[in-house]
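*Asks:*
In our numbering, the protein residues as written are 9 to 106.
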């Protein structure tokens, strides 16, 4: 049961769209509404705000690191094995994509 909770939390962390979050913080247009329509750092860069694009890139990379770090940190405490931690890595990736 703990493994399923870990995987779900990792997926939810991955689903955070830092392009949208950062764009709103910088009062930029929604990155899904211009350029390629992809909410990512490259599309945020198209606004000309390099800092916003950098923060988007760091946020997107950081959420992958955070999910795996948390899974590794708390796995033993909650009885989650190495396959569960690996599933968290896949889940955060899938959360980022979907």
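Positions of the beta carbon are idealized from the N, C-alpha and C atoms, including for glycine.
A quick note: this is a predicted structure, and the numbers were derived from the prediction, not measured.
Tell me whether the beta-carbon of residue 19 lies closer than 8 Å to the beta-carbon of residue 92.
*Replies:* Position 11 of the chain shown, counted from the start, is the residue given in the question as residue 19. Position 84 of the chain shown, counted from the start, is the residue given in the question as residue 92. Cβ distance not < 8 Å, so residue 19 and residue 92 don't count as in contact.
*Asks:* Which residue from 81, 86, 105, 106 puts its Cα closest to that of residue 12?
*Replies:* Taking the first residue of the chain shown as position 1, residue 12 is located at position 4. When each option's Cα is compared against that of residue 12, the closest is 86.
*Asks:* For residue 42, which three-state DSSP category applies?
*Replies:* By one-based count along the chain shown, residue 42 stands at place 34. Residue 42: coil per DSSP, three-state reduction.
*Asks:* Runs of 4 residues minimum, wholly inside the region 15-40: which ones carry the alpha helix (DSSP H) assignment?
*Replies:* 26-33
*Asks:* Leaving out five residues before and five after residue 79 in sequence, what residues of the same chain have Cβ atoms less than 6 Å from its Cβ?
*Replies:* Translated into the one-based positions of the chain shown, residue 79 becomes position 71. Excluding residues within five positions, the ones whose Cβ falls inside 6 Å are 14, 93, 96.
*Asks:* Pair every Cβ in the region 66-83 with every Cβ in the region 32-47, then say whether three or more of these pairs are closer than 8 Å.
*Replies:* no
*Asks:* What is the rounded straight-line gap between the Cα of residue 56 and the Cα of residue 81?
*Replies:* The sequence position of residue 56 within the chain shown is 48, counting from 1. The sequence position of residue 81 within the chain shown is 73, counting from 1. Between residue 56 and residue 81, the C-alpha separation is close to 38 Å.
*Asks:* Using the rule of at least 16 other Cβ atoms within 10 Å of the residue's Cβ for burial, across every protein chain shown, is residue 66 buried or exposed?
*Replies:* Locating residue 66 in the chain shown gives position 58, counting from the first residue. When all chains shown are included, residue 66 counts as exposed.
*Asks:* For a test of the three-state rule: what should DSSP assign to residue 106, helix, strand or coil?
*Replies:* Within the chain shown, the letter at position 98 stands for residue 106. Correct three-state label for residue 106: coil.
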